[in-house]
Every structure is written in structure tokens, then in C-alpha cells.
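Here is the structure we will look at, set down as C-alpha cells.
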Amino acid sequence: NFDGSGLEKITDYQALTLLPRWSPDGGKLSFVSYIGNNSDSYLLNLATKQRTVLTNFPGLNMPSDWSNDGKRILTVLTRDGNNNVYDLDVETRAVRQLTHGPAIDVSPSWSPDGSEIVFFSNRSGAPQLFVMDSNGRNVRRITFDGSYNTSPQWSPVNDTIVYVGVVDGRFQLFTVSARGGSSTQLTYGSEDSLGPSWSPDGRYIVFTRRQGGTESICIINSNGLNFRLVGGLGGGVTAKNPSWSPFLDMY
7 NFDGSGLEKI
17 TDYQALTLLP
27 RWSPDGGKLS
37 FVSYIGNNSD
47 SYLLNLATKQ
57 RTVLTNFPGL
67 NMPSDWSNDG
77 KRILTVLTRD
87 GNNNVYDLDV
97 ETRAVRQLTH
107 GPAIDVSPSW
117 SPDGSEIVFF
127 SNRSGAPQLF
137 VMDSNGRNVR
147 RITFDGSYNT
157 SPQWSPVNDT
167 IVYVGVVDGR
177 FQLFTVSARG
187 GSSTQLTYGS
197 EDSLGPSWSP
207 DGRYIVFTRR
217 QGGTESICII
227 NSNGLNFRLV
237 GGLGGGVTAK
247 NPSWSPFLDM
257 Y
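Numbering of the sequence shown is given in the numbering used here, commencing with residue 7 and proceeding in unit increments.
Structure below.
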């Protein structure tokens, strides 16, 4: 829940399982698991607990972001030997390649109207953020502050993109407009801030805060204020990779 209460275990596959992403209706989760000794992607029906395969190509299969109509998922595959972004049809499981070439293209996220996609790429030499049209065309770079920028997530309500950058050897959260321009730093300190996810109303950001060997779930306002710790399991147990549900009170 929003306040960190109501923790519930929903998978028990005896295999590494990570990177959950909610469907827009809140009824399903996409995720990555090594159930078959490969990083395949799956779909979990939360009501029935039925698990089905989304993609199981050789190499990396990483679902990243659902379209607002729930019909497509932006996915990263390495089936051709390179990290590229694909558009996955949830019903047919057909994939359409959107990026091409030897660069690492990962972490795609839809714009609110589905017409554009932000992603991270090293095609310019250093890891930076790029925006492209939903058909893979008209690629343009939007971050120029900092030498390492990754993990973008497009706000569900406007053109603001939250992402992870590096400052003095630490990962911190920033925002930047999808149209480019100067970035705004949201988090500070000696801890690493990773894996941001927007609340459905765009007012809050949930993320992983890592200090030493401890990883916990934290929330800040979209302007970086009002930091609070909401999910730490203690005892050296990792809590990370949060994904906010379509409902404000649950992630």
C-alpha cells in the first residue's frame, strides 16, 4: 500500500523474478523470471494467479512499459545479439522492432498519449536519454547534463520525464522535459536512488534507495520534496524495483 503496509507475496517460483510492471487495469503484472534458466518475460493474472509466457527468445527478454489501452508492451530483446526496443502485442505475442544497430537501447517508456517513446541509449557514446515516435522514427536526444543518464519514466500526465543520473559517483533522480532543456535534480546525499516509477496522478515518485547493502522503497513528491521511507524489510532482505499500480494507494 501507499504507506508501506499490506505486504503480500504473489510469486513463489523458486527462481530469480524481477522487474514487475502493472497493466493499466491493475489486473495483471508483466515481469522477468529465470524459471526456465533464461531471462524470459511472463504475464501474471492477479485474480487467478495464472502465469503465461510473453516472450522467450534466446537472450534477454525484458518487458518495460504497458500502453494505456493495455494492448501493447514496450520490450527489450537481444534476439539479434544487440539490445533493442520492440513493441509487443499482448494478445498475439507478435513483436515489432523499433530500434536497430549495435547501440544499447533499453528502458523504453510510453508518452501519455502513446505517440512517443523515451529510452536510454549509448548511441552517442555515453548513456543518454532519447525520444522517438512510436514507430521508431524521428529519434532525438533530450539529455545533455551529465555523462550517465538512464532508467527514464514518462509522467502519466505531462511531458516530464524522471530518470537516474550520476553525481559525484552516486545515482540520483532527475527530471527533464521530453522536449529537452535543463534537468532538475530531485534527490541528494550519499545514498543511491534508483528505479523511479510515477504515481498514476503524476504527483509522486516511488523509487529504490540503496545505502551500503540495504535497499528500501521510498517516495518523494514530483518536485523532490517530502521524502519518506515506506518499504524496508530489514534483516538484509532487499526491497527494490517498485512499480506503482493504476491505483494511487498501491504499488
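Idealized CB from N, CA, C, for every residue including glycine. The structure presented is a predicted model; accordingly, all values stated were derived computationally and were not measured.
For residue 122, the uninterrupted beta strand (DSSP E) segment begins and ends at 122 to 127. In this chain, residue 56 is not harboured by any beta strand (DSSP E), its DSSP state being neither H nor E. In the assembly as shown, residue 16 is an exposed residue. Its beta-carbon has fewer than 16 other beta-carbons within 10 Å.
In the structure shown, the three-state DSSP call for residue 65 is coil. In this model, residue 231 and residue 192 are separated by some 8 Å (Cα to Cα).
Ranking 12, 29, 23 by CA distance to the CA of residue 252 puts 29 first. The beta carbons of residue 21 and residue 40 sit closer together than 8 Å. The beta carbon of residue 223 sits closer than 6 Å to the beta carbons of 236, 237, 245, 248 from its chain, once the five residues preceding and following it are set aside; these are given in chain order. A straight line joining the alpha-carbon of residue 229 with that of residue 141 spans about 31 Å. In summary, residue 132 is exposed, with fewer than 16 beta-carbon neighbours lying within 10 Å of its beta-carbon over all protein chains present.
The alpha carbon of residue 94 has as its nearest neighbour, out of 76, 87, 86, the alpha carbon of 76. Only residues of its own chain outside the window of five on either side were considered, and among them 69, 92, 94 have a CB closer than 6 Å to the CB of residue 81, listed in chain order.
Here the C-alpha atom of residue 45 lies approximately 9 Å from the C-alpha atom of residue 23. Note that the C-beta distance between residue 156 and residue 126 is below 8 Å. Short of 6 Å from the beta carbon of residue 233, and not among the five residues preceding or following it, lie these beta carbons of its own chain, in chain order: 226. Contact between residue 120 and residue 74 holds: CB atoms are separated by about 6 Å, below the 8 Å threshold. Here residue 111 carries a strand assignment [DSSP, helix/strand/coil]. A direct Cα-Cα distance of roughly 16 Å separates residue 186 from residue 153.
Residue 60 has its alpha-carbon roughly 9 Å from the corresponding atom of residue 98. Taking the Cα of residue 72 as reference, the smallest distance to any Cα among 202, 83, 32 is reached at 32. Residues of the same chain with a CB within less than 8 Å of the CB of residue 62, apart from the 5 flanking positions on each side, are 42, 44, 46, 47 in chain order. At the C-beta level, residue 250 and residue 205 come within 8 Å of one another. Residue 197 and residue 179 have their C-alpha atoms roughly 11 Å apart. Residue pairing for residue 177: DSSP places it in a beta bridge opposite 172. Leaving aside the five residues that flank residue 109 on each side, the residues in its chain whose CB is nearer than 7 Å to its CB run, in chain order, 127, 128, 129.
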